[in-house]
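For the sequence shown, the positions run 0 to 206 when numbering that gives the first Met the number 0 is used. No residue lacks a Cβ here, since even glycine has one placed at the ideal position from N, Cα and C.
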Amino acid sequence: MRIRNVKNAKEILENSKVIVKDVNNCKDNLHILFGNDNPIHLEIGMGKGDFLLAMSKMYPDINFIGIERYDSIVCRACVKLEGVSNVKILVMDARNILDVIGKEIDTLYLNFSDPWPKKRQIKRRLTSSNFLSLYDSIFTGKPHIIMKTDNKDLFAYSLTSLSEYGYTLKNVSLDLEHSDIVSPRTEYQMKFKDKEYINYLEAVKEK
Ligand SMILES: C[S@@+](CC[C@H](N)C(=O)[O-])C[C@H]1O[C@@H](n2cnc3c(N)ncnc32)[C@H](O)[C@@H]1O
Numbered sequence: 000m001r002i003r004n005v006k007n008a009k010e011i012l013e014n015s016k017v018i019v020k021d022v023n024n025c026k027d028n029l030h031i032l033f034g035n036d037n038p039i040h041l042e043i044g045m046g047k048g049d050f051l052l053a054m055s056k057m058y059p060d061i062n063f064i065g066i067e068r069y070d071s072i073v074c075r076a077c078v079k080l081e082g083v084s085n086v087k088i089l090v091m092d093a094r095n096i097l098d099v100i101g102k103e104i105d106t107l108y109l110n111f112s113d114p115w116p117k118k119r120q121i122k123r124r125l126t127s128s129n130f131l132s133l134y135d136s137i138f139t140g141k142p143h144i145i146m147k148t149d150n151k152d153l154f155a156y157s158l159t160s161l162s163e164y165g166y167t168l169k170n171v172s173l174d175l176e177h178s179d180i181v182s183p184r185t186e187y188q189m190k191f192k193d194k195e196y197i198n199y200l201e202a203v204k205e206k
């Protein structure tokens, strides 16, 4: 466990009702976590949870799942999200997504994903073909990805990677903060919105 600098971290994680304790029993049964059949949206790399908290309030008839691999970060998120009925957190590496999630997701959000700038790290980018091929197996209908980032290189890479993989791009913005697109700010966005342009895209693939 990687818990740092969080007071009572162990108790927070153990007592949290937002964190799914047994991720290995979720596949094809995610709706049971919420007790309804509402559509499920997923954020990979949810960080400290501000985006999911805002989205859960804006869209009470959508269920949201956040994936985050570090429990030190999850700890901060679950304090904010405790008691929110339409959000659950899976503490895991997204590389193992197919062990946990079946064809159950309507929309996938990738917000300020780690850029992994070196050539040898390309496979770790959440918009690499490695990950895109995993995502093929999680969508209920047409694959639908929404991404935002301040990292120009990751954005350029993702535009190409998604297009080459068969996605159609729409609502592409090179300056989200001054566009009409509605997307609640994440923690990273708050940090970088005055220093960098925020890039945004939506991508849909015919099955
Ligand atoms: C740069 S932070 C952005 C956090 C948040 N989305 C935001 O915009 O403020 C990227 C987050 O993605 C998580 N992450 C990166 N790769 C991941 C993976 N393969 N599986 C799960 N989480 C991952 C990291 O731990 C980190 O919390």
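A straight line joining the alpha-carbon of D149 with that of L175 spans about 10 angstroms.
Rounded to whole angstroms, the Cβ separation of K147 and I197 is 6 angstroms, and the two are in contact under 8 angstroms. Here the C-alpha atom of Y164 lies approximately 32 angstroms from the C-alpha atom of P59. For ligand 1, no non-hydrogen atom lies closer than 7 angstroms to the CB of E176. Contact between the stretch 56-70 and the stretch 24-40 is present: 3 or more CB-CB pairs across the two stretches fall below 8 angstroms.
In this structure A155 is exposed. Its beta-carbon is surrounded by fewer than 16 other beta-carbon atoms within 10 angstroms. Taken from the Cβ of I145, every heavy atom of ligand 1 lies 7 angstroms or farther away.
I144 is a Cβ neighbour of L107, given a cutoff of 8 angstroms.
The straight-line gap separating the alpha-carbon atoms of Y166 and N7 is approximately 44 angstroms. Excluding the 5 residues flanking it on each side, L51 has same chain C-beta neighbours closer than 7 angstroms at E42, M45, F63, G65, L80 and V86, in chain order. Under the three-state reduction of DSSP output, M91 falls in the coil class, being neither helix nor strand. Taking the C-beta atoms as reference points, L153 is found no nearer than 8 angstroms to A202.
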